[in-house]
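Below is one structure, written out as structure tokens; the observations come after it.
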Amino acid sequence: MTLLKSWVASANSADHPFPLNNLPYGVFSIGEEDPRCGVAIGDMILDMAAVEEAGLITLADTPLFDVPFWNEVMEEGPALWSALRARLRDMLAEGSPDQSEVKALLVKQSAVALHMPFLVAEYTDFYAGRQHAENMGAILRGGPELPANWLHIPIGYNGRASSVVVSGTPVRRPLGQMKAPDAEAPSFGPCKRLDIELEMGAIVGTGCDVGAPISTTQADEMIFGYVLLNDWSARDIQGWEYQPLGPFQGKAFGTSISPWIVTKEALEPFRTSVPPRDKALLPYLTETKPGLYDIDLEVLMQPAGSDTVSALSKTNYSRMYYSAAQQLTHHAVGGCGMTPGDLLGSGTISGPTKTEYGSLMEMGWAGKEPFTLDSGETRGWLEDGDTMTLRGNARGDGYTIGFGDCVGQILPALEDPFTS
Ligand code: CA
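Numbering-wise (my numbering), the sequence shown opens with residue 9 and increments by one.
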């Protein structure tokens, strides 16, 4: 596929994240107006509530877009998703007969506030990056051995939907209980080992019933789209709490996602296979088509009080060992029902070298090897006021499918409310 030309001139550039090929879905507001659904095209947003009001799109019996979330579209299923994209392309393509009418319904991205693009039903986070799992093994257990189950199961845990926030929302350093290995007793206070995790989020569009396992083919059809996801992590809280049941408070204070849902259809030209298997997977996890995507990913840091942004690492989503469809299949296989708006975190994405690591834990080897930023400062963990940005782009022939940055700045911890 090559660049599809739009009459929105800013969309016709090889490097612009939102060409006609992309058409990602978000929720925006202008001033005091109610948030509603919008589609990004070039530097503009198509006001979908206005498009619907004008009768330019009629796909369902009830209005779909004058709401602050895309869940109603998601629930309609793949046939409507496809019809919607086709109609949007028709309206926004060069030479469209709808141009003059649609042009009046565009707003500038620079003039809006962006909100959560969907209601997160439930949030599950996986651990499907092999290099990340090996690095964590080396840091925590002294060797790169994977857990015995790792090559057979997409490991995950049930997280919290309540703390998922849209890009731009500050994230407060959590308070919690922690205990250093050599400390005599646990203590309570602000997290001292605050970290990020570079991940992709897969959004479940159509659900499945309790007690109804699904194949990887069905799972892939259920996925509506993808976002960038930063699974903020409190390593000291996590280190004390995680055995034997896994992450809890160390992962429950904030998860940031990028503001635009990039549809599975937009990513279709970038499908790529999972890496070679060391051991054959059980039949329920095998895929009939490649389940990962070739998406370049980047981690950037702007330290507190500095204008200098450092690129910390660059990697690719195709580094993962398990696809979102495999994760979804495994999630549902025992009878767990899935709901429109369920969010699946891929797990931290790290490539084979230090320049491809997706967490500060790995970049600074648990604080033992602090790294130097372009501003001259060093970091092992996040400090108050630091701003972290995740960026993702799939590069096609003369066009780019971008995600919109996933940004979050660290606020200082609350004062301990339990001591006076
Ligand atoms: Ca994670």
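Here a beta-carbon is modelled for each residue, glycine too, at the ideal position from N, C-alpha and C.
Contacts around residue i, its chain only, beta-carbon distance under 7 Å, and the 5 residues preceding and following it disregarded
i	result
M371	L320, S321, K362, Y365, F379
V128	A169, V172, G349, L351
H338	I161, P162, L293
V174	L122, H123, M124, I265, P267
L96	L31, V47
T280	P298, L300, Y301, D302, S326
G313	G393
Residues sharing a beta bridge with residue i, DSSP
i	result
G151	According to DSSP, which records beta bridges pairwise, G151 is partnered with nothing at all.
T10	D405
S195	M186
Y234	A210, V270
D239	T263
G410	N401
G164	F134
Q417	T395
L202	A242
V173	S264
R180	L419
L308	A319, T397
Reduced DSSP category for residue i - H, G, I as helix; E, B as strand; rest coil
i	result
F278	helix
Q251	coil
I38	coil
M346	strand
M396	strand
R387	strand
R97	helix
I303	coil
L72	coil
V218	coil
L159	coil
L289	coil
W15	coil
D228	helix
E102	coil
S90	helix
E84	helix
Cutoff 6 Å; reference residue i; Cβ partners in own chain excluding five residues on either side
i	result
V75	none
G85	T214
T271	G233
A374	I147
A274	N30, I409
R44	A57, D74
E109	none
Neighbourhood of residue i by C-beta distance below 8 Å, restricted to the same chain and skipping five residues each side
i	result
Y325	M208, L300, Y301, D302, I303, L305, S354, I357, G400
L290	H160
Closest by C-alpha distance to residue i, when choosing among the options
i	options	result
Q117	W268, L419, T323	W268
L253	I163, Q417, P198	I163
R181	A193, F261, G167	F261
W248	Q107, L114, L148, A58	L148
P425	M396, G184, A402, D405	G184
R387	L368, T263, D106	L368
M346	A220, Y330, Q417	A220
Y135	Y165, L113, P152	Y165
L422	G145, P198, L12	P198
D413	L308, L336, A332, G342	L308
V415	V81, L100, F36, D239	D239
L390	S108, L398, T66, P420	P420
F36	E61, F126, T224, A101	F126
Runs of alpha helix (DSSP H) lying entirely within the region 310-384, each at least 4 residues, in chain order: If we require 4 residues or more, the alpha helix (DSSP H) runs fully inside the region 310-384 come out as 332-340, 368-371.
- request: Note down, one range per segment and in chain order, each alpha helix (DSSP H) of at least 4 residues found wholly within the region 17-70.
  value: Correct list: 56-61.
- prompt: Considering only residues of the region 109-151, which uninterrupted beta strand (DSSP E) runs meet the minimum length of 3 residues and lie entirely inside it, listed in chain order?
  reply: Listed in chain order, the complete beta strand (DSSP E) runs (minimum 3 residues) inside the region 109-151 are 114-116, 121-123, 131-134.
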